[in-house]
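So the structure is just underneath, and the comments pick up after that.
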Amino acid sequence: MVSHMTRNETKQVDPGAEAGSLGQGLRSNDEWNPNDAISQKLKALYTRTEQEAIPDRFLDLLEQLDDAERAAKKVSKG
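Quick note: to get the working numbering, add 16 to the position in the sequence shown (first position is 1).
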């Protein structure tokens with residue numbers, strides 16, 4: 017916890033409470049870990065990226081690469 021001084025008293029503040037949406041980064045022992053919030057956001061980004069469609073142009077390039085590899089194998093075998 018972080019200690020904040022106000023006039024004549026000391027107020028104990030939980031850093032996770034100040035973090036707004038980052039409050040999900042609380043551990044079971046109530047210690048706030050910024051890495052938890054970062055890992056959650058990275059996981060969400062990865063999941064969204066994983067669900068995106070592959071562009072047709074990229075699929076065409078992969079097909080051209082496969083064709084070139086097949087042609088190279090034919091030349092080396094025959």
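For glycine and all other residues, C-beta sits at the position ideal for the given N, C-alpha and C. The model shown is predicted, which means the values in this text are computed figures rather than measured ones.
*Would you kindly work out how many angstroms separate the C-alpha atoms of Q56 and P50, rounded to a whole number?*
10 angstroms
_Whole angstroms are fine: how far does the CA of E79 sit from the CA of D72?_
11 angstroms
*asked:* Between the alpha carbons of E85 and L61, how many angstroms are there, rounded?
replied: 33 angstroms
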